[in-house]
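Enquirer:
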Ligand SMILES: NC(=O)c1ccc[n+]([C@@H]2O[C@H](COP(=O)([O-])OP(=O)(O)OC[C@H]3O[C@@H](n4cnc5c(N)ncnc54)[C@H](OP(=O)(O)O)[C@@H]3O)[C@@H](O)[C@H]2O)c1
């Protein structure tokens, strides 16, 4: 039987999500990779345990995480049932709808038809009565935002979600849907965009809106899927995401295109007595609107490394300038 570490709340930082009552751990665990039916269930349990033992309370899922789609929610549901049940009220569990999940016109995007059905399916797979945060996973330009907002609001009024988030919405789209949520009284609190040293678009577009609206960001892919770690410095390991046959999202090309930049960034990290992964996470969290950053992990030890980022979250002006200079010198990266 799993018993959580007694000191789990000792070193983690918990940040308030905008002007809501909710706090989330500064690092959150994402289950996009390594939690499918193709992956070792024992390893999944070990990763979840290690995350919680380190004070990570926020676990991020989506209807179609796998492969096979849905299996990450099923596996996390099994872990919840067998290991984490006593800790349910210590966890923030999130799911999303918006990318393709089932055949036909309703298993995708953000119509009311799709969101309501998808949320019910997710709750069933997770074995939960409610999730803590439910996200619209991407904007749907064919569905009126009022319909998407009302569908998400309905999940709250039905008790199936406590809070609402949006993901991959740009600044203007965020402003527009926030207005509808305000009118409906929906507890819309958080936005989930991609943000890392290679993808800084939100700094000028989304973050000013988030600040103005008094919301918050949980960023994803802060390690650029592993590129912003020391993993690829000496070649591409066989057990890395870039080589994983069930993951088409990171290629050898991306590793090669970023390598020279990564080597320079690694030197900056060393001068801060951090690994590159730790520095990349700290760099994400330097933005006041970023209250949490989602990390993925293929093994429990990566969690131990990544939470060490919290030991040095401060950057001097010259460190930030050095990082900006390195990034400005890089070739265009295909992402
Ligand atoms: N809303 C969205 O549209 C969206 C999109 C993408 C992701 N997300 C969320 O964000 C989460 C994280 O995304 P991500 O997996 O791309 O995140 P990431 O943290 O950028 O990359 C995670 C990968 O980096 C490697 N890694 C992690 N820590 C390491 C360390 N200390 N040293 C060396 N390598 C390390 C591992 O890959 P190896 O397998 O190579 O070890 C790990 O699986 C997802 O699970 C999901 O919840 C959301």
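In my numbering, the protein residues as written are 21 to 355.
Idealized CB from N, CA, C, for every residue including glycine.
What's the call for residue 222, buried or exposed, on a 16-neighbour Cβ count within 10 Å?
Expert: The residue in question, residue 222, is buried, as its Cβ has 16 or more Cβ neighbours within 10 Å.
Enquirer: For residue 292, is the beta carbon positioned less than 6 Å from some heavy atom of ligand 3?
Expert: Among the ligands in the structure shown, ligand 3 does not appear; only ligand 1 can be found there.
Enquirer: Quick check: what's the CA-CA separation for residue 99 versus residue 65?
Expert: Each residue's alpha carbon lies about 7 Å from the other.
Enquirer: With a CB to CB cut of under 8 Å and the five nearest residues on each side skipped, what residues in its chain are close to residue 29?
Expert: Within the same chain, residue 29 has close Cβ partners 75.
Enquirer: Give the DSSP bridge partners of residue 194, in chain order.
Expert: DSSP output for residue 194 lists no bridge partner at all.
Enquirer: For residue 109, which residues does DSSP report across the bridge?
Expert: Paired residue(s): none; residue 109 is not in a bridge.
Enquirer: Is residue 254 buried or exposed, if buried means 16 or more other CB atoms sit within 10 Å of its CB?
Expert: Burial call: exposed.
Enquirer: With C-beta atoms as the reference, is residue 57 less than 7 Å away from residue 88?
Expert: For residue 57 and residue 88, yes; Cβs fall inside 7 Å.
Enquirer: According to DSSP, is residue 36 helix, strand or coil?
Expert: Residue 36 falls in the strand class under three-state DSSP.
Enquirer: How about residue 240: is its Cβ closer than 6 Å to a heavy atom in ligand 1?
Expert: Yes, the beta carbon of residue 240 sits closer than 6 Å to at least one heavy atom of ligand 1.
Enquirer: CB of residue 322 to nearest heavy atom of ligand 1: below 6 Å?
Expert: Yes, ligand 1 has a heavy atom inside 6 Å of this Cβ.
Enquirer: CB of residue 251 to nearest heavy atom of ligand 1: below 6 Å?
Expert: Result yes, Cβ under 6 Å from ligand 1.
Enquirer: Among the candidates 195, 161, 145, 175, whose CA atom is the shortest distance from the CA of residue 155?
Expert: Taking only the C-alpha atoms, the option nearest residue 155 is 175.
Enquirer: Find out if the Cβ-Cβ distance for the pair residue 262, residue 270 is shorter than 7 Å.
Expert: Yes, these two residues count as a Cβ contact at 7 Å.
Enquirer: Could you compute how far the alpha carbon of residue 256 sits from the alpha carbon of residue 287?
Expert: Their backbone Cα atoms lie some 19 Å apart in a straight line.
Enquirer: Write down the C-beta distance between residue 72 and residue 95 rounded to the nearest angstrom, noting that I regard them as a contact closer than 8 Å.
Expert: In fact, because the Cβ distance is near 15 Å, the residues do not count as touching under 8 Å.
Enquirer: Out of 191, 301, 106, 310, which one is the CA nearest neighbour of residue 327?
Expert: Of 191, 301, 106, 310, the residue nearest in Cα terms is 301.
Enquirer: Go ahead and label residue 144 buried or exposed: buried means 16 or more other beta carbons lie within 10 angstroms of its beta carbon, across all protein chains shown.
Expert: By the 10 Å Cβ count, residue 144 comes out exposed.
Enquirer: Around the C-beta of residue 131, are 16 or more other C-beta atoms found within 10 angstroms, so that it is buried, or is it exposed?
Expert: Label assigned to residue 131: buried.
Enquirer: For the beta strand (DSSP E) containing residue 50, name the first residue and the last one.
Expert: Segment 47-50, the beta strand (DSSP E) holding residue 50.
Enquirer: Can residue 130 be considered in contact with ligand 1, in the sense that its beta carbon sits closer than 6 Å to one or more heavy atoms?
Expert: No; taking the cut-off as 6 Å, the Cβ of residue 130 has no heavy atom of ligand 1 nearer than that.
Enquirer: Counting only C-beta atoms, is residue 145 closer than 7 Å to chain B at any point?
Expert: Protein chain content of the structure displayed is limited to a single chain, and chain B is not contained in it.
Enquirer: Helix or strand or just coil, what does DSSP make of residue 208?
Expert: Looking at residue 208 - three-state DSSP - the assignment turns out to be strand.
Enquirer: With a threshold of 6 Å on Cβ separation, who are the neighbours of residue 182 within its own chain once the five nearest residues in sequence on each side are excluded?
Expert: Cβ neighbours of residue 182 beyond the five flanking positions: 152.
Enquirer: If you drop the 5 nearest sequence neighbours on each side, which residues of the same chain put their C-beta closer than 6 Å to that of residue 234?
Expert: Within the same chain, residue 234 has close Cβ partners 38, 39.
Enquirer: Span of the alpha helix (DSSP H) holding residue 72?
Expert: Run containing residue 72: 61-73, per the alpha helix (DSSP H) assignment.
Enquirer: DSSP on residue 25, reduced to helix/strand/coil?
Expert: In this structure, residue 25 counts as coil in the three-state DSSP scheme.
Enquirer: Quick one: is the Cβ of residue 326 within less than 6 Å of any heavy atom of ligand 1?
Expert: Because some heavy atom of ligand 1 lies under 6 Å away, the Cβ of residue 326 counts as near it: yes.
Enquirer: Drop a sphere of 10 angstroms on the beta-carbon of residue 213, count the other beta-carbons inside from all chains shown, and report buried for 16 or more, exposed for fewer.
Expert: Classification of residue 213: buried, given that the 10 Å Cβ count is 16 or more.
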